[in-house]
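Below: the structure, in structure tokens.
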Amino acid sequence: MSATGIGAPVRRREDGRFITGAGQYTDDLHVEGQVYAVFLRSPYARARITDIDASHALSGEGVLAVLTGDDMRADGIGDIPCGWLVKQKDGSDMVSAPHPPLAHTFVNYVGEPYALVVAKTQDAARHAAERVHTDFEELQPVIDLATATDSVEIHEGVRHNLAYDWELGDRTATEQALADAAHVVRLDLVNNRLIPNAMEPRAAIGRYDAATGEHTLYTTSQNPHLARLILSAFVGIAPEHKLRVVAPDVGGGFGSKIFVYAEEAAVLWAARRLRCPVKWTAERAESFLADAHGRDHLTHVELGLNEHGRFVALKVQTSANLGAYLSTFASSVPTYLYGTLLAGQYKTPNIYVEVHGVYTNTAPVDAYRGAGRPEATYVVERVVEVAAREIGKDPADLRRMNMIQPGDFPYETPVALTYDTGDYEKSLDRALELIDYAGFSARRIEARQRGCLRGIGMSCYIEACGLAPSQLAIQLGAGVGLYESGEVRMNPTGNVTVFTGTHSHGQGHETTFAQVVSDRLGVPFEDVEVVHGDTGRVEFGLGTYGSRSLAVGGSALVKASDKVIAKARIIAAHMMDVGADDVTFDGGVFSVRDSNRSMTIQEVAFAAYVPSNYPLDLEPGLSEKAFYDPENFTYPAGTHIAEVEIDADTGVVRVVDFVAVDDFGHVINPLIVEGQVHGGVAQGLGQALLEHGRYDDYGQLLTGSYMDYCMPRADDVPQFRVDTTTTPCTHNPLGVKGCGEAGAIGSPAAIMNAVTDALGVRDLTMPATSEKVWRAIRGAKGGIR
Amino acid sequence: MEITVTVNGRSHRLDVSPNTLLVDILREQLRLTGTHVGCDTSQCGACTVHLNGDAVKSCTVLAGQADGASVVTIEGIGAVDDLHPMQAAFREHHALQCGFCTPGMIMAAIDLVEKSDHLDDAAVREGLEGNICRCTGYHNIVNAVLSVAEAKA
Amino acid sequence: MYPFNYHKPSSVDEAVSLFLDAEDPAYLSGGMTLIPTMKQRLAMPTDLVDLSGVQAMRGIERQDQKLVLGAFTRHAEVARSEVVAQAIPALAHLAGLIGDNQVRYRGTIGGSVANSDPAADYPAAVVALGAEVVTNKRTISSADYFQDLFETALEPGEMIVRIELPIPRRAAYRKFPNPASRYAVVGVMVAQFDNGVQVGVTGAGPCAFRASTLEAALAADLRPEALAGVDIPDAGFNADLHASAEYRAHLVGVMARRAVADLLAS
Ligand SMILES: Cc1cc2nc3c(=O)[nH]c(=O)nc-3n(C[C@H](O)[C@H](O)[C@H](O)COP(=O)(O)OP(=O)(O)OC[C@H]3O[C@@H](n4cnc5c(N)ncnc54)[C@H](O)[C@@H]3O)c2cc1C
Ligand code: FES
Ligand code: FES
């Protein structure tokens, strides 16, 4: 392994600009002549807009316009679509309520934008926004997920507020197996609503060039090409070839910046109307209200076991809160990214899941780090844990005896997936060893002497990354393909520019992808530059989500690199006057077999652009594109084990040790991979112990700032202990699986298993806040001491 | 009103309205966009700079309060080819991902190390309470800061 | 933020007269409460009178059995002061628990006491130590000072100049922080004087108060165990997302026990 090749912990090259303050995030851009937009947002969860009086606002100094949802509609701007059409049980399409970028007749959640004020300064826009008088007729909102299907209809014609009633698996067989099971464990689980909170608030600048008709959108996006596609094809802002979307440095996303948002459409439209660049930057309060939220499920689960403890059936019924409208991928998260993962690592023969996708008057809910898979893992790993306790088996043993074995691959689950490879016991064993499982009881006793309740919990998760293949996904309702594109361009002087359709907003692609390409082409790492995030420079792409970038985007680059090598080989053979078959390629050098003649790939590149001695029938140039469409998902899996200590007096939970052993296939850059795990686990810890997006009965967000929404801080998390095992993915050229979400997928169940273990209770609802835990302790003891 | 501030060693005379925040002076007037804004309740620390030698949240300092002061921002502590030890440690330990919290985190960390006699894991975590990072899980940040603290000791 | 006029006086008198001449003024101390409030447009003063230039409001001094803190003393100064560490180490400890480093470099004791946030830390010390709040007009005893939610005995325009804190034999402060904001859900200071034990509680009620039942129990027996059976009624206690009144009452007991243990160990 070279110092910069595959597997090396290369220090990130993007860091140079970030640690010196030279990063260029959207809000850092200053477009000549820019003016500022402020959005007017609904103060009510559900209301009819009866009048908007902007006269006062318009008279303010520097105010350029107040534009409303009606204006937008009159200009022919269309609705924001949902990108995945889910079929219901009865075969009918899901019910998608119209989602105008700016609300016109009705508003359906607090924070929904219905107009924007544009002014020469930010301050002027804010002042003017306060002087717009809007009359609302309040309507009864639907907030509570548990009762939403029996409440008033939010959207006309959407009966029971149900977007869909979806199922997967064999209901009859599953119910029969449950009826015949020796033990059935039943559990009701809540997956708490989370607010993503990337540290960079969303921002967008719209720009219009009247002379050329070109529109440019600078935006905080994880997938600029998708934004362009949706904004042109569906929202109708501009034709695709007249719209350029640039996502410069992006300060975190975690899913929340995948989606196409109202503000992006609005600034472009306003820029065209006003003939000047229009900039908007969210305040954090707006992020809380109007970024798509995550999770929010109510689930009833039943797990059947036979007399030996083998799982015989799993039945899952879930209500998924989708919020007021279907955000870009909202429909697929609680269905295809959730139901399909319910087999977990186990050979459960019968699985059935049904999901109600429910509208409420809350912010739209969509993919958030893990998207569906943390929810599935939580269900499986909580119920398995409870089963172990109820039948008196060691939780590790019960898991182990039900695991899919290395010899079982490829393994077809009862919920539509085929796992290609894995060795689940290996990760489990390594994690048990790292945590010193055998020594736990001594640690528990020691903690007790300090007044602390210590618990241990594990979670053996599996997830699916790099959604694929396109044809299957499209049959299942996906609105876009799931391939990725890449281009490897050797420049005449021998260095390389790489274009990728994925997008890096913290994942370090500029480093990892350069490692991959430099390794493949045998050119120095420093000579490879990675370009992403600009539809004007990169041909096409689907962006970064679902831990897909390396497995799919990286594979496209391997494919393109191989095309470059193939062409270069022909050129080299011609120049060295031998047949292409006589030329070998290794470490950037083409050599003639059994001779000492050779040329570097850089020499070949020069020849390709300055073709003097060159094959007549070959085009000049050395630049190749590839689209890579994976044939399957990749299946990272692993075991996370948490140990917690609870202050018995106050109920405060601390994670005191955390071990993650993950199988991500081959690892290109271990430094980056570990960082992804740390970050994911911290978010999972946040979900388990701290974070909860809460509304009151009127639909006002109670956790609308960092005063009340509890973000993990440095002193909330322990040092993590991270290790990997490796079973290479069998169907992509790098043998990689994806590591971006595993931390957030595996950890919540591990931590909650530890908390419930410490308390000796069956279940506790996330987040395990100190008061909840204190009540559980008190309940167990029958009174305060 | 007219104020004088020294930013990264250069003195500026600026005409500002009293309701201007230090962070806006830095970002909008001086175009020093390395200092970021991540919240509106003075909690995230993305805007941290040094004001007369102390780490402060520049989103919560008014122009008038900065009058006559010396301010150091992320742009003022080192350059790509001449990094401050804390910057170098952040890179070495992979203590950043998206980089958005990073300038504030580095400025807070420098202050923490300078003003503390002894730092261990717990003390660093407590000392960084005013800075939120969503990406890294803090693990590598803490290790980076500890490495600088150890080098100092 | 709305526009306002900015003034920077150099004396108490000048500050007060600037205040009285303005339409809807506010004193600006560290700004750690006032500026966020103004940014959110929840406060819109026409004039800010910045107290940072008033020398008379600065300084930490021990005067016999009193510790005198200028109103403009920043939290970080208190946390790191040798004088405070000698006189009332629990106060230095308390100051070091306020917010975070950046907040402590700016926020001041005068601003905190003037603001009387129900979740602020200093008020626990002010009541537990029986401090006196000295203003430009008079001296207010802590017993009269805190009145209700964000309500104090200060009259419009009245300005805190310094706080005078009697030095106890021993004292200790325990805080149960709000996991999100890090303010106090409950904070308890226990102070032992020659003539008795005083317990100040913040976070639990609309403003800081003395916990007489706890004081009575500790007067008889200054040990954590003495608080075991003491009933802490939660009537009138705060309740929010993070803690119900009942839980707060429980936490007052736990924090008090721990503070007593710390005090005995000091
Ligand atoms: C992120 C964050 C976390 C925090 N955490 C905590 C915490 O854990 N515990 C805690 O106790 N506090 C906390 N605070 C509040 C902080 O301690 C403030 O500094 C304090 O409450 C107000 O002090 P200030 O000097 O900043 O006052 P300012 O914000 O300047 O003023 C506050 C109010 O008092 C008035 N005022 C100021 N000085 C005087 C005076 N001398 N006479 C009369 N009126 C005056 C002002 O007009 C204003 O109404 C936190 C603040 C932030 C931003
Ligand atoms: S922007 Fe200053 S603390 Fe968040
Ligand atoms: S690196 Fe992204 S928020 Fe810290």
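Chains as they are written, first to last, in the working numbering: chain D, 276 to 1060; chain E, 3 to 155; chain A, 69 to 334. Glycine is no exception: its CB is placed at the ideal position from the N, C-alpha and C atoms. Remember, it's a predicted structure, so these values are computed and weren't measured experimentally.
Proximity of R929(D) and V919(D) at Cβ, strictly below 8 angstroms: Here residue 929(D) is taken as the residue at index 654 of the first sequence, counted from 1. Here residue 919(D) is taken as the residue at index 644 of the first sequence, counted from 1. It is a contact, given that the beta carbons lie within the stated cut-off.
Own chain partners of D368(D) with C-beta closer than 7 angstroms, once the 5 adjacent residues on each side are dropped: Position 93 of the first sequence holds residue 368(D). Within the same chain, D368(D) has close Cβ partners L360, K362.
Supposed close pair I352(D), W544(D) - CB separation, criterion 8 angstroms: Along the first sequence, read from residue 1 onward, the residue named residue 352(D) stands at position 77. Along the first sequence, read from residue 1 onward, the residue named residue 544(D) stands at position 269. Correct: roughly 6 angstroms between the Cβ atoms.
A40(A) to A595(D) span [Cα, whole Å]: Because chain A is modelled from 69 through 334, residue 40(A) falls outside the range shown and cannot be assessed.
Q415(D) to G974(D) span [Cα, whole Å]: Taking the first residue of the first sequence as position 1, residue 415(D) is located at position 140. Taking the first residue of the first sequence as position 1, residue 974(D) is located at position 699. In a straight line, the C-alpha of Q415(D) is about 10 angstroms away from that of G974(D).
Cβ-Cβ distance between E650(D) and C735(D) below 8 angstroms: Along the first sequence, one-based indexing puts residue 650(D) at 375. Along the first sequence, one-based indexing puts residue 735(D) at 460. Result no, Cβ atoms of E650(D) and C735(D) do not sit closer than 8 angstroms.
Selection of the region 175 to 195 of chain A by Cβ proximity to chain E, strictly under 7 angstroms: none
First through last residue of the alpha helix (DSSP H) which encompasses E785(D): Walking along the first sequence from the start, residue 785(D) turns up at place 510. Start and end: 784 to 796.
Segment contact flag, the region 894 to 904 of chain D with the region 982 to 995 of chain D, C-beta cutoff 8 angstroms, min 3 pairs: no
Nearest candidate by alpha-carbon position, reference Y686(D), set R823(D), N871(D), A618(D): Residue mapping note: residue 686(D) aligns to position 411 of the first sequence, counting from 1. The residue with the shortest Cα to Cα distance from Y686(D) is A618(D).
Contacting residues, own chain, Cβ-Cβ under 6 angstroms from G40(E) (five flanking each side not counted): Here residue 40(E) is taken as the residue at index 38 of the second sequence, counted from 1. Same-chain partners within the cutoff: C46, A48.
Chain D within 8 angstroms of F87(A), Cβ atoms only: Residue mapping note: residue 87(A) aligns to position 19 of the third sequence, counting from 1. Not one chain D Cβ lies under 8 angstroms of F87(A).
Against chain D: residues of the region 241 to 255 of chain A by CB proximity under 7 angstroms: F244, P247, A248, S249
S602(D) vs D571(D) beta-carbon contact at 8 angstroms: Numbered from its first residue, the first sequence carries residue 602(D) at position 327. Numbered from its first residue, the first sequence carries residue 571(D) at position 296. Not in contact: S602(D) and D571(D) (Cβ atoms no closer than 8 angstroms).
Buried versus exposed call for C100(E) [16 or more other C-beta atoms within 10 Å across all chains shown]: In the second sequence, the residue the question calls residue 100(E) occupies position 98. So C100(E) counts as buried.
Candidates E577(D), G950(D), D425(D), D924(D): closest to P284(D) by CA position: In the first sequence, counting from the first residue as 1, residue 284(D) sits at position 9. Ranking the options by Cα distance to P284(D), first place goes to G950(D).
Any non-hydrogen atom of ligand 3 within 7 angstroms of G1065(D) CB: The question about residue 1065(D) has no answer, for chain D in this structure spans 276 to 1060.
Given E94(E) as reference, the closest of R287(D), L443(D), Y758(D) once Cα atoms are compared: Mapped onto the second sequence, residue 94(E) falls at position 92. Here the closest residue by C-alpha is R287(D).
Endpoints, the alpha helix (DSSP H) within which H143(A) is located: Numbered from 1 along the third sequence, position 75 holds the residue referred to as residue 143(A). 143 to 148 is the span of the alpha helix (DSSP H), which, as asked, contains H143(A).
Runs of beta strand (DSSP E) lying entirely within the region 471 to 531 of chain D, each at least 3 residues, in chain order: 478 to 484, 489 to 494, 518 to 521
Cβ-Cβ distance between V827(D) and E759(D) below 8 angstroms: Locating residue 827(D) in the first sequence gives position 552, counting from the first residue. Locating residue 759(D) in the first sequence gives position 484, counting from the first residue. It is a contact, given that the beta carbons lie within the stated cut-off.
Under 8 angstroms between C-beta atoms of Y903(D) and K834(D): For the purposes of this step, residue 903(D) is taken as residue 628 along the first sequence, with counting starting at 1. For the purposes of this step, residue 834(D) is taken as residue 559 along the first sequence, with counting starting at 1. Contact: yes.
Reference F933(D); option with closest CA among A671(D), E906(D), E561(D), I1026(D): Here residue 933(D) refers to the residue found at position 658 when the first sequence is read from its first residue. Of A671(D), E906(D), E561(D), I1026(D), the residue nearest in Cα terms is I1026(D).
Cα-Cα separation between L612(D) and I749(D), rounded to whole angstroms: In the first sequence, counting from the first residue as 1, residue 612(D) sits at position 337. In the first sequence, counting from the first residue as 1, residue 749(D) sits at position 474. In a straight line, the C-alpha of L612(D) is about 14 angstroms away from that of I749(D).
T141(A) and I156(A) closer than 8 angstroms at C-beta: Stepping through the third sequence from its first residue, residue 141(A) is reached at position 73. Stepping through the third sequence from its first residue, residue 156(A) is reached at position 88. Not closer than 8 angstroms, so no.
Whole-angstrom distance between Q782(D) and A753(D), CA atom to CA atom: By one-based count along the first sequence, residue 753(D) stands at place 478. By one-based count along the first sequence, residue 782(D) stands at place 507. If you take the alpha carbons of A753(D) and Q782(D), they lie about 25 angstroms apart.
Under 8 angstroms between C-beta atoms of N581(D) and Y621(D): Your numbering for residue 581(D) matches position 306 in the first sequence. Your numbering for residue 621(D) matches position 346 in the first sequence. Going by C-beta atoms, N581(D) is not nearer than 8 angstroms to Y621(D).
Interface residues of chain D facing I76(E) [CB-CB closer than 7 angstroms]: What you label residue 76(E) is simply residue 74 of the second sequence in a count that begins at 1. Going along chain D in sequence order, the residues near I76(E) (Cβ under 7 angstroms) are T295, G296.
C676(D): first and last residue of the uninterrupted alpha helix (DSSP H) it sits in: Locating residue 676(D) in the first sequence gives position 401, where the first residue counts as 1. In the sequence as displayed, the identity of residue 676(D) is Met instead of Cys. Where M676(D) is concerned, the enclosing alpha helix (DSSP H) stretches over 670 to 677.
For A303(A) and G264(A), the rounded distance between their alpha carbons: Start at 1 with the first residue of the third sequence, and residue 264(A) comes out as number 196. Start at 1 with the first residue of the third sequence, and residue 303(A) comes out as number 235. Looking at the two C-alpha atoms, the distance is approximately 26 angstroms.
Between the CA atoms of L295(A) and S334(A) - distance to the nearest angstrom: By 1-based counting over the third sequence, the position of residue 334(A) is 266. By 1-based counting over the third sequence, the position of residue 295(A) is 227. If I take the Cα positions, the gap works out to 19 angstroms.
DSSP-derived helix/strand/coil call for R12(E): Locating residue 12(E) in the second sequence gives position 10, where the first residue counts as 1. Of the three classes helix, strand and coil, the one that applies to R12(E) here is strand, per DSSP.
Minimum Cβ-Cβ distance from F72(A) to chain E less than 8 angstroms: Along the third sequence, one-based indexing puts residue 72(A) at 4. Yes - at least one Cβ of chain E is within 8 angstroms of the one on F72(A).
Proximity below 8 angstroms, CB of A456(D) to CB of H490(D): What you label residue 456(D) is simply residue 181 of the first sequence in a count that begins at 1. What you label residue 490(D) is simply residue 215 of the first sequence in a count that begins at 1. No, the Cβ-Cβ distance between A456(D) and H490(D) is not below 8 angstroms.
Residues near L96(A) by beta carbon distance below 7 angstroms, same chain, minus five either side: Numbered from 1 along the third sequence, position 28 holds the residue referred to as residue 96(A). Here the set comprises L102, L116, V117, D118, L119.
Span separating the alpha-carbon of S898(D) from that of A855(D): Position 623 of the first sequence, counted from the start, is the residue given in the question as residue 898(D). Position 580 of the first sequence, counted from the start, is the residue given in the question as residue 855(D). Cα to Cα, S898(D) sits roughly 19 angstroms from A855(D).
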